[in-house]
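Following: one structure in structure tokens, then a few remarks.
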Amino acid sequence: MEKTKKQFQAESKRLLDMMINSIYTQREIFLRELISNASDAIDKLYYKALTDDQLTFNKEDYYVKVTVDKEKRTLTITDTGIGMTEEEMENNLGTIAKSGSLAFKKENEQKDGHNIIGQFGVGFYSAFMVADVVTVTSKAFGAGGAFKWESEGADGYTLEPADKAAPGTEIVLRIKDNTEEDNYDEFLEEYRLKSIIKKYSDFIRYPIKMDVKGSRPKEGAENEFEEYVEEQTVNSMVPIWRKNKSDLKPEDYENFYQEKRYGFDKPLKHIHVSADGAVVYQAILFIPESTPFDYYTKEYEKGLELYSNGVLIMSKCADLLPDYFSFVKGMVDSEDLSLNISREMLQHDRQLSLIAKNIKSKIKSGLASMMKDEREKYETFFKSFGRQLKFGVYNDYGMNKDLLADLLLFTSSNERKLVSLDEYVSRMPEDQKFIYYASGESVDRIEKLPQIEAVSEKGYEILYFTDDIDEFAIKMIQSYKEKEFKSVSSGDLGIDSENDQASSEEDEAANKELFDAMQELLSGKVTKVKASKRLKTYPVCLSTEGELSIEMEKVLRAMPN
Ligand code: ADP
Ligand code: MG
1 MEKTKKQFQA
11 ESKRLLDMMI
21 NSIYTQREIF
31 LRELISNASD
41 AIDKLYYKAL
51 TDDQLTFNKE
61 DYYVKVTVDK
71 EKRTLTITDT
81 GIGMTEEEME
91 NNLGTIAKSG
101 SLAFKKENEQ
111 KDGHNIIGQF
121 GVGFYSAFMV
131 ADVVTVTSKA
141 FGAGGAFKWE
151 SEGADGYTLE
161 PADKAAPGTE
171 IVLRIKDNTE
181 EDNYDEFLEE
191 YRLKSIIKKY
201 SDFIRYPIKM
211 DVKGSRPKEG
221 AENEFEEYVE
231 EQTVNSMVPI
241 WRKNKSDLKP
251 EDYENFYQEK
261 RYGFDKPLKH
271 IHVSADGAVV
281 YQAILFIPES
291 TPFDYYTKEY
301 EKGLELYSNG
311 VLIMSKCADL
321 LPDYFSFVKG
331 MVDSEDLSLN
341 ISREMLQHDR
351 QLSLIAKNIK
361 SKIKSGLASM
371 MKDEREKYET
381 FFKSFGRQLK
391 FGVYNDYGMN
401 KDLLADLLLF
411 TSSNERKLVS
421 LDEYVSRMPE
431 DQKFIYYASG
441 ESVDRIEKLP
451 QIEAVSEKGY
461 EILYFTDDID
471 EFAIKMIQSY
481 KEKEFKSVSS
491 GDLGIDSEND
501 QASSEEDEAA
511 NKELFDAMQE
521 LLSGKVTKVK
531 ASKRLKTYPV
541 CLSTEGELSI
551 EMEKVLRAMP
561 N
């Protein structure tokens, strides 16, 4: 057959141009893409063997091999997978792969698109980020001959018959020459390639082999060394999240947390999920111990690592976490996601939103059980991230009423200990109608408020709100287990008996002149001066009648317009 030059399809051509011309910082992901294709190709053969009695599948025969030739500047990725027929090579390598491309183009019109390639990958074409010639030789399983596809990038490709005995695919990249701006030598360095493989493809379930050079003392000769080459499997193959929970120790999770650099602290808790209901996924989620330095700033980026069947496709998938759980670190792996999915498409992906929903409830129950069973740890967590939960109550309240209210803690008049709303309500005396709270700058100042006296006197517990957000959050919740919240400085505390009511009216009548004089003196500052039964040791206090408490008014006034 004659060797002919063919043009790429228009869309592919544009994408190629864009990729090659972008000053792309994450070029290393090309290797992830090629290895994942190789692994897919082995999967396909494996599937065939599973469904065809005539075939057997010996695991040892299936692997990916990465070899380097520094002199020729080539990097070769070989697999023993299902291979491609001539037609398949034409169709699969001549057209830019489905899903990713369109969304990529759209995104790229708005931004400069560099990150997009890095985050989702555009498959096979990413090879052109590091190679100026790509040669694919493939023999399809069960087919006649082998074929060679070759391309130098945007201007097209050739396809011709080739020699290859065993089924599978071999992809040779001629690594680009260095230019003044760009150095490509790293892609010919063994240790560098190993670390790229470890980083992105550690969990590929087939071995990724490399010939690794070493040197060892020469036998029979002193102080002499000899070089040798040894074939090594670079990836560990079994991801921790696929392992059995009972086979894993807390240290394993801690190591994973550190290895992944989710944080520099130790995680307080891990949540290992293995879901096989409506959506199938595995996840390892971590509750960190301390607040990242940029946590309460705009710089902080929430998100979980997203894997598709063991292959990392996004390092911070924000859609998996609601803002109020933005502190959670970790990863999710699902077989139901496409490798080439774009950020835009992920937002509309049904699988992903199901996973996100599921994860949300796992985090919630994880935190709830930590609150119950590991109280000290939970309080540490709450000191770091409690504010975020309260913001969550305030911002996303509609959807998350029960979800978040259960997780809140407040300092209480009961020995200044942290108390949950559930604990508060469950120990309320029978005659207590409301959940009382007092706002102030600090616990010390709150305890000096005249307003708390009447409530304390009744033996009722008071929640101390020292965070600006506390009262705003509580206003959103309104009630917990059918008990409404009430500020100790509100006009009607709900504890005055009828008797008290009557006697204050009497007092008021008796002292009318005094009250009128005071009201005049304070005009514009208070709306009314009246007698109160709630004061015990203090002569006077301020109270409010409207929706806003004195503290809330202060916060609102301090807010920039
Ligand atoms: P995707 O992997 O998302 O389909 P790619 O651009 O990575 O997109 O690959 C395009 C197609 O080329 C694959 O779907 C597959 O059919 C084919 N292909 C690529 N690499 C190989 C390989 N090593 N063995 C067999 N087929 C391959
Ligand atoms: Mg691919």
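Here the sequence shown is numbered in full-length UniProt numbering, starting from 1 and rising by one per residue. Each residue gets a CB set at the ideal place from its N, CA and C atoms; glycine is no exception. Note that the coordinates shown come from a computational prediction; the quantities given were computed from them, not determined experimentally.
- Take Lys245 as the anchor and find which of Glu259, His270 and Asp265 has the nearest alpha-carbon. His270
- Would Ala356 be called buried (16 or more neighbouring beta carbons within 10 Å of its own) or exposed? buried
- Could you round the C-beta distance between Val130 and Lys194 to whole angstroms and report it? I think they count as a contact, below 8 angstroms. Contact doesn't hold; Cβ gap of about 16 angstroms is too wide.
- Span separating the alpha-carbon of Glu471 from that of Ser439: 7 angstroms
- Task: Using the beta-carbon of each residue, find all residues closer than 5 angstroms to any heavy atom of the ligand MG and list them in chain order.
- Result: Asn37 and Gly123
- Task: Could you give the DSSP three-state label for Ala283: helix, strand or coil?
- Result: strand
- Taking only the alpha-carbon atoms, compute the straight-line gap between Tyr262 and Trp241 and give it to the nearest angstrom. 15 angstroms
- Query: From Ile474, Ala454, Tyr300 and Asn414, pick the residue whose C-alpha is nearest to that of Ser543; which is it?
  - Reply: Ala454
- The beta strand (DSSP E) with Glu230 in it runs from where to where? Phe225 to Thr233
- Task: Evaluate Glu219 with the Cβ neighbour count: other Cβ atoms within 10 Å of its Cβ, from every protein chain shown; 16 or more gives buried, anything less gives exposed.
- Result: exposed
- Message: Let's test the definition: count the other Cβ atoms within 10 Å of the Cβ of Lys176 and tell me whether it reaches 16, buried, or not, exposed.
- Response: With 16 or more other Cβ atoms inside 10 Å of its own Cβ, Lys176 counts as buried.
- From the beta carbon of Asn309, is the nearest beta carbon of chain C less than 8 angstroms away? Among the chains in the structure shown there is no chain C, since it carries only a single protein chain.
- Item | In chain order, each beta strand (DSSP E) run of at least 3 residues that lies wholly inside the region 228-274 | none
- Message: Quick check for students: name the residue ranges of the alpha helix (DSSP H) that lie wholly in the region 373-456, counting only runs of 4 or more.
- Response: 375-395, 397-405, 421-426 and 443-447, all fully within the region 373-456.
- Message: Given 7 angstroms as the limit, tell me if Ala438 has its C-beta closer than that to any heavy atom belonging to the ligand ADP.
- Response: no
- Task: Report the rounded CA-to-CA distance for Leu50 versus Leu409, giving the unit in angstroms.
- Result: 54 angstroms
- Message: Out of Ser487, Ser532, Tyr125 and Asp492, which one is the CA nearest neighbour of Asp507?
- Response: Ser532
- Item | Reduced DSSP category for Tyr157 - H, G, I as helix; E, B as strand; rest coil | Strand.
- Do you know how far the Cα of Glu254 is from the Cα of Ile117? Low confidence applies to Ile117: its pLDDT is 42, below 50, so where it sits in the model is not reliable enough to give any reading.
- Query: Can you give the Cα-Cα distance for Lys530 and Asn511, rounded to whole angstroms?
  - Reply: 9 angstroms
- Can you give me the Cβ contacts of Gln478 inside the same chain, cut-off strictly under 8 angstroms, excluding the 5 residues immediately before and after it? Glu484 and Phe485
- Query: Which one of Leu522, Leu493 and Gln451 has the shortest CA to CA distance from Pro539?
  - Reply: Distances from the CA of Pro539 to each of Leu522, Leu493 and Gln451 were compared; the closest alpha carbon is that of Gln451.
- Message: Suppose you measure from the CA of Met89 to the CA of Trp149; what does that come to, to the nearest Å?
- Response: 7 angstroms
- Task: Select from Asp40, Ile435 and Glu447 the residue whose C-alpha is nearest the C-alpha of Tyr63.
- Result: Ranking the options by Cα distance to Tyr63, first place goes to Asp40.
- Which residue comes first and which comes last in the alpha helix (DSSP H) that contains Arg32? Boundaries of the alpha helix (DSSP H) harbouring Arg32: Ile29 to Thr51, taken from the DSSP string.
- Task: Please find out if some non-hydrogen atom of the ligand ADP comes closer than 7 angstroms to the beta-carbon of Asp132.
- Result: No; taking the cut-off as 7 angstroms, the Cβ of Asp132 has no heavy atom of the ligand ADP nearer than that.
- Query: How big is the Cα-Cα spacing for residue 572 and Thr527?
  - Reply: No statement about residue 572 is possible, as the shown extent of the chain runs from 1 to 561 and does not include it.
- Identity of the residues DSSP links to Arg216 by a beta bridge: Glu226
- Query: Who are the near neighbours of Lys106 in its chain, counting only those whose CB is closer than 6 angstroms to its CB and skipping five residues on each side?
  - Reply: Note on Lys106: pLDDT 48, under 50, position unreliable in the model; the coordinate value appears next. Once the five neighbours on either side are set aside, Lys106 has no close Cβ partner at all.
- Query: To the nearest angstrom, how far is it from the Cα of Asn178 to the Cα of Val134?
  - Reply: 17 angstroms
- Message: Using the three-state DSSP reduction, which class does Tyr464 fall into: helix, strand or coil?
- Response: strand
- For Phe141 versus Gly83, is the C-beta distance shorter than 8 angstroms? yes
- Query: Under the criterion of a Cβ to heavy atom distance below 7 angstroms, does Gly83 qualify as lining the ligand ADP?
  - Reply: yes
- Item | Arg309 to Glu87 span [Cα, whole Å] | Note that residue 309 is Asn in the sequence shown here, rather than Arg. Answer to the nearest angstrom: the Cα atoms are 27 angstroms apart.
- Query: What three-state label does DSSP hand Lys486 in the structure shown?
  - Reply: strand
- Query: Asp294: beta carbon under 7 angstroms from a heavy atom of the ligand ADP?
  - Reply: no
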